[in-house]
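Numbered by the working numbering, the letters in the sequence shown go through residues 69 to 395 in order.
We put the CB at the ideal spot given by N, CA and C, even for glycine.
In what follows, a structure is listed as structure tokens, so that the remarks can point back to it.
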Amino acid sequence: MPTALITGITGQDGRFLADLLHSKGYTIYGLMKGQNNPKLELVQREHPYVEIVEGDLCDLSSLISAVSRVQPDEVYNLAAISFVAMSFNQAELTANVTGTGVLRMLEAIRIVGGSQDNPMKFYQASSSEMFGKVRETPQTEATPFYPRSPYGCAKVFGHDITVNYRESYGLFACSGILFNHESERRGLEFVTRKITNAVARIKLGLQDELVLGNLDSKRDWGYAGDYVKAMWMMLQQPEPDDYVVATGETYSVREFVERAFAAAEIDDWERYVRLDPKFLRPAEVDLLVGDATKAETVLGWKREVSFPELVERMVRHDLAVESAKLS
Ligand code: NDP
Ligand code: GDR
Numbered sequence: 069m070p071t072a073l074i075t076g077i078t079g080q081d082g083r084f085l086a087d088l089l090h091s092k093g094y095t096i097y098g099l100m101k102g103q104n105n106p107k108l109e110l111v112q113r114e115h116p117y118v119e120i121v122e123g124d125l126c127d128l129s130s131l132i133s134a135v136s137r138v139q140p141d142e143v144y145n146l147a148a149i150s151f152v153a154m155s156f157n158q159a160e161l162t163a164n165v166t167g168t169g170v171l172r173m174l175e176a177i178r179i180v181g182g183s184q185d186n187p188m189k190f191y192q193a194s195s196s197e198m199f200g201k202v203r204e205t206p207q208t209e210a211t212p213f214y215p216r217s218p219y220g221c222a223k224v225f226g227h228d229i230t231v232n233y234r235e236s237y238g239l240f241a242c243s244g245i246l247f248n249h250e251s252e253r254r255g256l257e258f259v260t261r262k263i264t265n266a267v268a269r270i271k272l273g274l275q276d277e278l279v280l281g282n283l284d285s286k287r288d289w290g291y292a293g294d295y296v297k298a299m300w301m302m303l304q305q306p307e308p309d310d311y312v313v314a315t316g317e318t319y320s321v322r323e324f325v326e327r328a329f330a331a332a333e334i335d336d337w338e339r340y341v342r343l344d345p346k347f348l349r350p351a352e353v354d355l356l357v358g359d360a361t362k363a364e365t366v367l368g369w370k371r372e373v374s375f376p377e378l379v380e381r382m383v384r385h386d387l388a389v390e391s392a393k394l395s
């Protein structure tokens, strides 16, 4: 069976992808950074089949050593500084990890190499944030990029260098331009999980308010479990290529808030929501909505979880987690 190396194994997508590849019988290695990573225990508990290898996207020699030891058939590069708001305050770090880190991973693969018959395939986690101030709607693989944050700029570099290595060195390198995807494993810093966690705590009387920034921005939100399937499908094609993965629907942050409160049977949501300018960004991405026709027709990908199901699922999960803490 094939061997996969996943960078970003402690993140939302790394964990969903590990589950998927495990169900397909893969041998799975996860790249983990830091000398005492606090998420190691979680990964070992919930994904005991993952073997951890040390490495950091900022350290080329660690990546060469990881690729050389694992000899993966497939490398999924999911690691990044992925929080857009943080990228404004730590722009250089973001450029280094989220941007140049992709180049280092590609170099590690190019240097270690696979065999002619069995090349190491590469997946890059590109993002709809590259479209930023959108040039057309809906966004497709052909839509020009106009990033609005240091994160978006770094992702454009990561995307372009992936295409460049494919064209220059014949690497089997794919870039998945994924729109927002969420789940009960989403980090609490992202708006959807911040909302569902706060709604659960308000419902249980553990919190009084939910403090947010821009309620008007619109996102194309899907379910992470559906999206990792597209990553795998891209690497099973005869030729490497780039694909948009999205639902084709867009909702505002306000609509997400309304639905989340409704899922917890709280009608007067405005009573609990306070706006604070500290959560506004220096430049915002106002509207994202993707056209996944290519992924649907070429890969046969389709999303399974709808927007209402996604919100309900996350609220239900957070209610269960927060209730359990009380007992
Ligand atoms: P997360 O923020 O949940 O996970 C990011 C991962 O990157 C973590 O495992 C983190 O490790 C790791 N990481 C950060 N810095 C380094 C480093 N220097 N070296 C090695 N690992 C590092 O992100 P998601 O799972 O949500 O997203 C996965 C990828 O997909 C990211 O690249 C993201 O930018 C991209 N993406 C995500 C979308 C989404 O909606 N979720 C949409 C489009 C693209 P640690 O925990 O140790 O810090
Ligand atoms: P995003 O996700 O920037 O789209 O990037 P995030 O959930 O952080 O923001 C979505 C929208 O909500 C608005 N917002 C707030 N956001 C946060 N985090 N906290 C708040 O309090 C808040 N109030 C309003 C934001 O301004 C924004 O408009 C995610 C990440 O996963 C990226 O890594 C990925 O590439 C893109 O999705 C696609």
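Considering only V111, N157, H249, the residue with the shortest C-alpha distance to S217 is N157. Within the model, the alpha-carbon separation for A328 versus V379 is close to 6 Å.
R253 has its CB no nearer than 7 Å to any heavy atom of ligand 2. Our two residues, N164 and C126, have alpha carbons roughly 7 Å apart in a direct line.
DSSP, reduced to helix, strand and coil, places A147 outside both helices and strands of the structure shown, so it counts as coil. Assignment of alpha helix (DSSP H) within the region 317-352, counting only whole runs of 4 or more residues, yields 321-331 in chain order. Excluding five sequence positions before and after D124, the CB atoms of its chain that fall closer than 6 Å to its own CB belong to K101, S130, given in chain order. Note on I229: 16 or more other CB atoms within 10 angstroms of its CB, so buried under the neighbour-count rule. The DSSP assignment places complete beta strand (DSSP E) segments of no fewer than 3 residues inside the region 162-208 at 189-195, in order along the chain. The beta-carbon distance between D276 and R322, rounded to whole angstroms, is 20 Å. This is too long to meet the 8 Å contact definition. In the DSSP annotation of this structure, the continuous segment of the alpha helix (DSSP H) that includes S129 starts and ends at 128-138.
Around the beta carbon of S391, fewer than 16 other beta carbons lie within 10 angstroms, which makes this residue exposed. By a beta-carbon distance limit of 8 Å, E209 contacts V312. Their separation comes to about 5 Å. Exposed is the label assigned to Q112, since fewer than 16 other Cβ atoms lie within 10 Å of its Cβ. Of the candidates I77, L89, L128, T95, the residue whose Cα lies closest to the Cα of P106 is I77. DSSP assignment within the region 199-269 yields the following whole beta strand (DSSP E) runs of 3 residues or more, N-terminal first: 241-246. For R384, the secondary structure class from DSSP, reduced to helix, strand or coil, is helix. The shortest C-alpha to C-alpha distance from Y214 to any of E109, G98, L128, K201 is the one to K201. In this structure, N282 has its beta carbon less than 7 Å from a heavy atom of ligand 2. Annotation for L283: no beta strand (DSSP E) segment contains it, and DSSP assigns it neither H nor E. Per DSSP, reduced to three states, the secondary structure at G82 is helical. Secondary structure note for G98: it is in no alpha helix (DSSP H), and the uninterrupted beta strand (DSSP E) holding it is 95-100.
Around the beta carbon of I263, 16 or more other beta carbons sit within 10 angstroms, so the residue counts as buried.
A distance below 8 Å separates the beta carbons of Q192 and N145.
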